[in-house]
Amino acid sequence: MEVPLALPLPVEQLRELITTDSSGWRKKNCVSLMDHSAQQIRAVLELASELKAHDLQRKSSVFWDYPRTLAMLFQKSSLRTRVSFEVSMAHLRGHAIYLSPDDVGLGIRESVEDVAHGLSRWVDAITARVYHHSMVTGLATHASVPVINALSDQEHPIQAFADLLTLQEHCGPLGNSRSIAYVGDGNNVLHALLIGCTKLGVNISAAYPTGYEPAAEYVQAALSEAERTGATVRLTNDPVEAVRGAEAVYTDVWASMGQEHEKEERAAIFAPYQLNANLLSHAAPSAIAMHCLPAHREEEISSEVMAGHNNTIFDQAENRLHTQKALLLLILGL
Ligand code: CP
Ligand code: NVA
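Residue numbers (numbering that gives the first Met the number 0): 0 to 333.
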């Protein structure tokens with residue numbers, strides 16, 4: 000089932016939605032979904048849907064009178080995150096400044112604290128993609144402007160916004176009747192998904208090999224969220240058990256950025272977790288396949304499943320734009 004996009008709200012109502020800040024995003028960091036309420040997550044998804052409807056109809060949408068600026072610190076490669084943030088800032092009539100690892104030398108050329116203080120004097124917000132989560136929390140501690148986690152070794156919160164919006168668009172309203180399965184590495188993407196899903200009451204199961212489990216603090220947080228929202232959480236080593244009956248089956252690379260040297264060792268361990276037609280046949284009959292990208296065909300996902308679900312997977316990529324635009328508007332206001 001593909002849920003049709005609602006008719007866009009008139010721009011004045013959209014501005015009102017942002018200005019009232021009823022979800023309490025204004026001036027907040029977005030470092031971990033653990034720090035945000037279900038209401039805040041829903042606010043991003045609702046505003047993102049509206050912005051998407053405006054974009055698709057080429058309607059004039061909301062933008063800033065005064066051009067806000069976003070510093071984008073990247074310690075790792077990126078296509079989607081960098082482009083979707085730059086395009087977001089362009090649509091909002093703001094400006095994004097890309098800072099490569101060589102430009103800044105975060106924690107090497109200059110301390111995290113001094114980078115945070117310096118950037119706070121010039122820009123309205125900072126986004127950072129880092130190796131160690133402590134770098135993004137360090138930036139958030141020392142910056143006087145909001146900091147958005149653009150992926151750390153622990154979590155990829157802004158990916159989860161796009162994932163949840165895609166699940167909603169393809170499968171229906173998010174809540175206890177939705178179910179998603181994740182197969183592969185218990186990594187940053189799974190961490191964010193566990194928290195996002197359980198906060199919104201979405202049932203989630205995950206399968207990973209022994210030794211590649213999600214971190215205990217994320218599992219604990221997801222279980223306690225699930226107790227509150229009625230979501231179910233199933234964690235297993237058996238990929239077939241995890242995907243059974245699921246409406247969406249999600250995977251990510253087996254070796255994340257920074258783990259490339261483990262690629263071969265991981266390929267052997269993770270082989271039974273490949274998202275292929277056989278595994279997908281155990282999910283719900285019209286189940287969708289999801290992938291945050293970049294994808295490695297014939298590794299974590301077969302070429303066949305990738306080709307058959309291209310549309311959903313690139314909807315997921317597109318939704319990075321709409322959800323990040325919504326997040327920027329909610330954090331920075333109008
Ligand atoms: N999914 C994602 O974050 O993609 P990039 O690494 O290309 O930004
Ligand atoms: N887990 C992957 C996600 C890439 C978007 C990584 O950290 O490299």
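Don't be surprised by glycine CBs; every beta carbon is placed ideally from N, CA and C.
Check: Below 8 Å, how does it come out for the segment 293-304 and the segment 86-99: are there three or more Cβ pairs, yes or no?; Outcome: no
Check: Do V248 and M289 have their CB atoms nearer than 8 Å?; Outcome: yes
Check: Taking the CB atoms as reference points, tell me whether V43 and L320 lie closer together than 8 Å.; Outcome: no
Check: Classify Q56 as buried or exposed, calling it buried when 16 or more other Cβ atoms lie within 10 Å of its own Cβ.; Outcome: exposed
Check: If A191 sits next to L326, beta carbons under 8 Å apart, how far is it from one beta carbon to the other, in whole angstroms?; Outcome: A191 to L326, Cβ: 13 Å. No contact.
Check: So is P293 buried or exposed if we call it buried at 16+ other beta carbons inside 10 Å?; Outcome: exposed
Check: Under the assumption that I268 contacts P208 (Cβ atoms under 8 Å), give the Cβ distance between them as a whole number of angstroms.; Outcome: 5 Å
Check: Along the alpha helix (DSSP H) that carries I128, what are the first and last residues, could you check?; Outcome: A small correction: the amino acid at residue 128 is Arg; Ile does not occupy that position in the sequence shown. Here R128 belongs to no alpha helix (DSSP H); instead the beta strand (DSSP E) covers 124-128.
Check: Starting from N202, trace the beta strand (DSSP E) in both directions and tell me its first and last residue.; Outcome: 202-206
Check: Pull the bridge partners of H290 from the DSSP assignment, please.; Outcome: T250
Check: Give me the DSSP bridge partner(s) of I194.; Outcome: The partner list for I194 (beta bridge, DSSP) is empty, contrary to what the question assumes.
Check: Looking at T165 and the ligand CP, is the gap between the Cβ and the nearest heavy atom below 7 Å?; Outcome: no
Check: Shortest alpha-carbon distance to T250 belongs to which of P271, E263, A230, V232?; Outcome: P271
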